[in-house]
């Protein structure tokens, strides 16, 4: 401290001690942060208690003896004796000055050092808490801290956003209640057992469950619980929940891709190893039918062989065609025109079956981007499925329009419907709820729509009917001038 500053310090201290002790104490007094602690203290100087004059700290003058120090600074308010032997007998202690012995000085040093460390730790903890709170609140996953009784102690922004409630309204509530309170969601039939009892038992664990959103779409959630504490103390639980719908979807899509690859290999085998002998069987059966050397009973049996051979050949063709690329040629498609043309083809059969047709088309419908022939094949598949679902007649409704930026084509029937447990499988190859057919109609439809950049949706209720919707991208005006846009 400079001499100019000394005049304003109300309390002046003189230091007296041997070299190492006084150097250590001065280093402590001049250390980081000491200016704030000893803000009203000025060190008048130091007097080494042993031989030799040395520097003990910045801006602290050193005197040969305590008497010389007190002679130069007669107005000191206190003397710190670091020798442990007491002051010299003839020391002229100024009136009102206080003497602090070595033991008290060391206690002061320890106390101040400990307080400084505590303050440093407090600042570090504050910084760590701020950082942790920032990370906690900005995680995409939902995180809830539950006390040993399963009550919410803290909850991050993602979890609050999912429930649609303020943090103050959630603290103290049962964690299971808060996590089950998914806004605009409802349980599915498969959620018979709640995972929370196990997860909040203090042992931790993980679980996966599903919910239906406001649009009746299935979403999957994965919950992981970690016990915090323990070792004889009641354990808190950190519960982390993530929406893993995309992960589940991609996993199943990969599985489906692997199955389709296997089907492709099987189709090649079928094409070479089964169809060739089948052609021979059908050929010989046809030859026998034309022969005059068989009786009526044998002719009937041969006729059945030929019919079943032809039916099997049709199924094999469907399998082979499914395994091949669609070779789509995207262009402009007038869905309204395509619907009318397709229904004209099917109208006679539907009238004969007692199926009432309703067509609802949008006059302002933009052209779709797709392949007319392939989309006509998809529509025919959907109409045939609907007719098979209404053997005693019913109502078939075909609707075109716009939905969420896509051109839509919906086919709805009043048939027997599809059970919930089967809905997730209807687009799988070879899956069918009927006794006849290869189960490739909807699978082929989805494959075509995927290749065209569109999608297929299905809704159904047993006893009420089924609605299948094809969603296609609109054809933009600029694409006419971009023949190589693909």
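Numbering (the working numbering), first residue to last: 2 to 487.
Even for Gly, the Cβ is constructed at its ideal location relative to N, Cα and C.
* **Spatial distance of residue 221 from residue 247 (CA atoms)** => 8 Å
Alpha carbon of residue 343 to alpha carbon of residue 317, nearest angstrom
25 Å
Considering only the beta carbon of each residue, do residue 408 and residue 444 sit closer than 8 Å?
no
Next item on the list: Please classify residue 1: does DSSP put it in a helix, a strand, or coil?
Entry: With the chain covering 2 to 487 only, the question about residue 1 has no answer from this structure.
* To do: Check whether the stretch 69-76 touches the stretch 93-103, counting contact only when three or more Cβ pairs, one atom from each stretch, lie closer than 8 Å.
  => yes
> How would you write the range of the alpha helix (DSSP H) that residue 349 sits in, first residue to last?
Replying inline: 336-354
Using 10 angstroms around the beta-carbon of residue 170, count the other beta-carbons present and answer buried if the total reaches 16, otherwise exposed. Of the residues assessed, residue 170 falls on the exposed side of the cut-off, its CB having fewer than 16 other CB atoms within 10 angstroms.
| query | Thinking C-alpha only, which one of 98, 122, 105 is nearest residue 84? | reply | 105
Problem - Within 8 Å, strictly: CB atoms of residue 17 and residue 76 - result: no
_N- and C-terminal bounds of the alpha helix (DSSP H) containing residue 71_ = For residue 71, the enclosing alpha helix (DSSP H) begins and ends at 67-73.
Margin query: For residue 462, which residues in the same chain have their Cβ closer than 6 Å to its Cβ, ignoring the five residues on either side in sequence?
Written below: 418
Run through the stretch 102-164 for me and flag every whole beta strand (DSSP E) of 3 or more residues, listed as ranges in chain order. Those beta strand (DSSP E) runs which fall completely within the stretch 102-164 and span 3+ residues are 143-147, 153-156.
Counting only the same chain and skipping the five closest in sequence on each side, list residues whose C-beta sits under 6 Å from that of residue 276. 317
Are there 16 or more other CB atoms within 10 angstroms of the CB of residue 448, so buried, or fewer, so exposed? buried
Buried versus exposed, by CB contacts within 10 Å (16 or more), residue 442:
buried
For this session: Tell me residue 227's beta-bridge partners as DSSP assigns them.
Result: Paired residue(s): 239.
- Message: Rounded to the nearest angstrom, what separates residue 334 and residue 173 at their Cα positions?
- Response: 58 Å
ask   = Going by alpha carbons, who is nearest to residue 168 out of 310, 373, 157, 260?
value = 157
request  = Starting from residue 413, follow the beta strand (DSSP E) in both directions and report where the run begins and ends.
outcome  = 407-414
For this session: May I ask you to verify whether the stretch 359-378 touches the stretch 398-415, counting CB pairs closer than 8 Å and requiring at least 3?
Result: yes
Residue 21 versus residue 129 - alpha carbon distance: Roughly 38 Å separates the two Cα atoms.
Distance, residue 112 Cα to residue 137 Cα
Cα to Cα, residue 137 sits roughly 36 Å from residue 112.
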